[in-house]
Structures are given as C-alpha cells and as structure tokens.
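Chains as they are written, first to last, in the numbering used here: chain Y, 27 to 184; chain R, 45 to 229.
All C-beta atoms, glycine included, are put in the ideal place defined by N, C-alpha and C.
Note that the structure is predicted; figures quoted are calculated from it, not measured.
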C-alpha cells in the first residue's frame, strides 16, 4: 500500500463498529429454565441502534439496557409474552424479529406465497394458451409455406 | 387476438409503473426510523431527580394549564447532534415554548457544563441516569423530542435533531393543528 493514510482509514473504519460488536457478560440465573428463555429472547429481539442485529449480538448501550430489563423480568417470573408485550408497547412491533401475524402484517407473511401462486397460475395459463393455439393451427398457412420454400431454396444455393 | 395482445402489453406496463411509484416513494423514507407507538397515548409516569435541585420531577410537569403544549427533549452531553440542535432549542425557548429536558444516561457535571457553555433552554430538567425512563418512552437514541399536550397526551415524536426546517415541516403543523382544534383552552 502506497498511501499510509489508507491504514488509518482501515483502522478507523474497523473500530467504528465497536458499539455493534459482541459484548459478553457473566450472568447468574436462579434456574436453568430462566437461562434458556433469556438467551432465546435475546435472539428474537432486535437491537434498535444496530438494526440488523439482535440483542444477543449487539454491544450498543441501549442493547445492554434492554438486556438488563429482560434479565430482570425473566428473573421476576414474567412470561415471554409479558416481556415481549412490555417491549412492543414501548418500541412497537419492529423490536420483534418475528412480526406478529395480524391483519396489518397479513401481506408481509402471505405476500410471497400469493406472488408465487400468481406467477405459477400465469405460467400454467400461458402454457395452456400455447397448447391451444398449436392444436388450432398445426399446419403452415400459405404465407408460411412460401417463406419456408424460399428459405430452403437459399439453403440449397449456399 | 388484438385485444389480448394489447392487454399483454398494457397490464405489465401498468404494474411496472405502479411498482416504480411505490418504490420511488419508499426511497424518500428513512428505513431506520422506528415509529412511536405512543402517539395519542398518555406520556408514561416517571419520578426522577432534577439536575439543579434535589426535589423530584414527575410527568405532572406536563399537566399545568399555563401552556397547551410542551416539548420533552431527550438530550445528553455525549450526543453531538444534541449540541448541534441546542442553538435552535434556545431560540424556541426564547420565543415562549416550554421545553422540559430529559438528561439521558449522562453525568451531572458534564450536563451542567454543557448548559453553562451553550445556555439552558429548559424550564425543568429530569435526570435519567440509567435510561430507564428513556426505555419507558421508547427512546432509542438522542436527541429525540416529544410534543406533549397539557392533558399529558403525546402528540408527536421526532427522532433526531431539531432545526428550523424540521420545526416548520414536522412539528409546527402538529402544534398548529392541536391549537386550532382546542381554541377554547
């Protein structure tokens, strides 16, 4: 590398993501079920700062705060549903990686299947149309016969 | 056959134009914006200490009839955008807007230093050291500004710094709309 400034840029670039990097903390749970549920929840909840990461992977300040909240709630006996409700009440459905299946999100969930069905039906329709047309006029008409004759004549000459 | 042919051309064209418009509109939106579920709902309760005194401050601060609407501004000394919007907050305060400050995950000394340096636009400041009240309000970054009426209902939430353009385009319409439909108060 010729320009030493590139090194500086690379270092700054790589370290600029530090807030979104993994941060490990040793937690003690009162029972195993709590521990499993805690980690399962962290994978299902989005970090709103680094929006493509879940809370489990994010080291952002808000993620740490939310992890503490989830930990406290799990330890105090709250159910998964209660914890998710607590968070969606404050941050909306976006905080859940799995959007709930409601009237509003119907298109989101079923959209791909609807599109697939539509494309598939169109394909079948199209094939059937072509089959029908082919069966209607299997033979060449007069114009097509002349064109064929001309082309074959050219072939023989060449 | 001719009609079928023109349908074959026109329908995909219409679908394409429709999709293009849909996507073009999408391009103007900020995908990182998380809409607040609090619009139209009551501002959550809180009980915090103040920055400049030992007395406590609660959500009751929004309920006084002296003003129809107030701003709740989430700010901190570590937040560069907060420094940038500070001058405009001072202008708003001077023009009579009541701004309550929520000092978010900050240190008292640094917060006070910032206000010493750039001025204090807040009529009251609640100190949210751990960010718990922030979570209750759905705060995910600083600065954020809420418009709250004197019944304690959140009318609007702006994520990001305030400036004259944002004020004119986003907040002022909400405020004017509220004021005109509540002439009597």
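Secondary structure of residue 121 of chain Y (DSSP, three-state): helix.
The distance from the Cβ of residue 94 of chain R to that of residue 171 of chain R is about 7 Å, consistent with a contact at the 8 Å cut-off. At a C-beta separation below 9 Å, residue 95 of chain Y has these neighbours in chain R: 176, 179. Nearest Cα to residue 107 of chain Y within the set Y:89, Y:64, Y:168, Y:77: Y:64. Using a CB distance cut-off of 8 Å, residue 118 of chain Y counts as an interface residue toward chain R.
A distance below 7 Å between beta-carbons, with the five flanking residues on each side excluded, links residue 147 of chain Y to no residue of its chain.
The alpha-carbon of residue 76 of chain Y is positioned some 40 Å away from that of residue 224 of chain R. Collapsing the DSSP output to three states places residue 86 of chain R in a strand. For the pair residue 176 of chain R and residue 190 of chain R, the CB atoms are not nearer than the 8 Å cut-off. With a threshold of 16 other beta carbon atoms within 10 Å, residue 113 of chain Y meets it and is buried. Within chain Y, the residues whose beta carbon sits less than 8 Å from that of residue 184 of chain R are 74, 75, 88, 117, listed in sequence order.
Residue 184 of chain R places its beta carbon less than 8 Å from that of residue 74 of chain Y. When the five nearest sequence neighbours on each side are left out, the beta carbons in the same chain lying within less than 8 Å of the beta carbon of residue 168 of chain R are those of 94, 101, 105, 144, 145, in order along the chain.
Residues of chain R with a Cβ closer than 7 Å to the Cβ of residue 172 of chain Y do not exist, since the nearest Cβ in that chain sits about 22 Å away. Contact annotation: in the segment 137-151 of chain R, residues whose CB is within less than 8 Å of a CB in chain Y are 149. Per DSSP, residue 98 of chain Y is not a residue of any beta strand (DSSP E); the alpha helix (DSSP H) it occupies stretches across 87-101. Taken atom to atom, the span from the alpha-carbon of residue 141 of chain R to that of residue 182 of chain R is near 23 Å. Neighbours of residue 83 of chain Y across chain R, judged by C-beta separation under 9 Å, do not exist; the nearest C-beta is about 17 Å away. With respect to residue 187 of chain R, residue 205 of chain R sits close: the two C-beta atoms are nearer than 8 Å. The contact set of residue 78 of chain R on chain Y, defined by CB atoms closer than 9 Å, consists of 74, 77, 117, 118, 120, 121 in chain order.
The shortest C-alpha to C-alpha distance from residue 179 of chain R to any of Y:88, Y:68, Y:135 is the one to Y:88. Taking the Cβ atoms as the reference, residue 198 of chain R lies roughly 6 Å from residue 83 of chain R, within the contact range of under 8 Å.
For the pair of segments examined, the segment 148-160 of chain R was found to touch the segment 105-122 of chain R: the number of CB pairs separated by less than 8 Å reaches three. Relative to the Cα of residue 94 of chain Y, the nearest Cα in the group Y:78, Y:54, Y:124 belongs to Y:54. Rounded to the nearest whole angstrom, the C-alpha separation of residue 125 of chain R and residue 60 of chain R is 40 Å.
Annotation for residue 127 of chain R: the continuous alpha helix (DSSP H) segment containing it runs 124-138. Straight-line spacing of the CA atoms in residue 69 of chain Y and residue 78 of chain R works out to 19 Å. Per the C-alpha coordinates, the member of R:111, R:71, R:212, R:155 positioned closest to residue 96 of chain R is R:155.
DSSP places residue 141 of chain R outside both helix and strand once states are collapsed to three, so it counts as coil. Spatial neighbours of residue 123 of chain Y in its own chain (CB-CB distance under 6 Å, excluding positions within 5 residues in sequence) are listed in chain order as 70, 72.
The beta-carbon separation of residue 194 of chain R and residue 109 of chain R, rounded to 6 Å, stays under the 8 Å limit for a contact. Taken through DSSP and simplified to helix, strand or coil, residue 154 of chain Y comes out as helix.
Taking a Cβ-Cβ cut-off of 9 Å, the neighbours of residue 81 of chain R in chain Y comprise 114, 115, 116, 117, 118, 119, given in sequence order. For residue 157 of chain R, no beta strand (DSSP E) encloses it; the enclosing alpha helix (DSSP H) starts and ends at 152-162. Residue 103 of chain R is not a Cβ neighbour of residue 163 of chain R, given a cutoff of 8 Å. Listed by position along chain R, the residues whose Cβ is nearer than 9 Å to that of residue 106 of chain Y form an empty set, because the closest Cβ is around 18 Å away.
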